[in-house]
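**Q** Position in the sequence shown counted from 1, then plus 1108, gives you the numbering used here.
Don't be surprised by glycine CBs; every beta carbon is placed ideally from N, CA and C.
Here the structure is a predicted model, which means the values were calculated and not measured.
Take this structure, written in structure tokens, and hold onto it; I'll ask about it next.
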Amino acid sequence: MESNRLAEYIEKMASLAFRFLLVFFAGGVVLTSSWGALSQPPSGVVIFSKETVSIISGAKTHEFQVELALTPQQHMQGLMFRQRLGVDAGMLFVYRREAPIAMWMKNTYLPLDMLFISRGGIISKIAERTVPLSEMTISSGVAVIAVLELNSGTVSRLGITLGDKVIASSLGIVR
């Protein structure tokens, strides 16, 4: 009789230990997954359409294949969490109204050149070689309708300057 009780007790303890380990490991998996998510891109997939954008700089025209950030969700996502960007690629942030704009580099791993574009497609401010992951704001200083982000060093490599013109159908500016 005593051995039956002992066997039942051992069986209950083994079952309890198994449940504890199951909960412990499941909790560890959840915590590990959540911890990693703190530095990962948001789970909602943001889709960007693409467009060819040209910059007329003196006698030269430079073309870029850019993704378009047209909606507030696309503006918020931008180039965050990207590990690379093609040589002649970028992102064009288009705004509904002309206004002063402030950008930042939060969760953006790539250094960028930012071109602030006024009405008529005129480049009115350039911020070169922005600092990845910085939360310091980069202001347009004037009212703009768009911001074009390109790989860091593109502005100096191509000789792009203030007053150059951006041609983009999404801005209603065509040749």
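1. Measure how close the beta-carbons of Ser1162 and Glu1171 come, nearest whole angstrom, since I'm counting them as under 8 Å.
2. Sort Ile1155, Pro1240, Ile1209 and Leu1270 by Cα distance to Thr1179 and report the nearest one.
3. Straight-line CA distance for Gly1261 to Leu1218?
4. In its own chain, which residues sit with a C-beta less than 8 Å from the C-beta of Glu1206, not counting the 5 before and 5 after it?
5. Between the segment 1261 to 1278 and the segment 1234 to 1248, can you find at least three pairs of beta-carbon atoms closer than 8 Å?
6. Count the other CB atoms within 10 Å of the CB of Val1282; is the residue buried (16 or more) or exposed (fewer)?
7. Give me the DSSP bridge partner(s) of Ser1247.
8. Would DSSP call Glu1119 helix, strand or coil?
9. Within the continuous beta strand (DSSP E) that includes Gln1059, where are the two ends?
**A** In terms of the structure at hand:
1. 5 Å
2. Ile1155
3. 11 Å
4. Ser1226, Arg1227, Ala1251, Val1252 and Ile1253
5. Cβ pair count under 8 Å is three or more, so yes.
6. Counting Cβ neighbours within 10 Å, Val1282 comes out exposed, since fewer than 16 surround it.
7. Ala1210
8. In the structure shown, Glu1119 sits in a helix (DSSP, three-state: H, G or I).
9. Outside the shown range of the chain (1109 to 1283) lies residue 1059, about which nothing can therefore be said.
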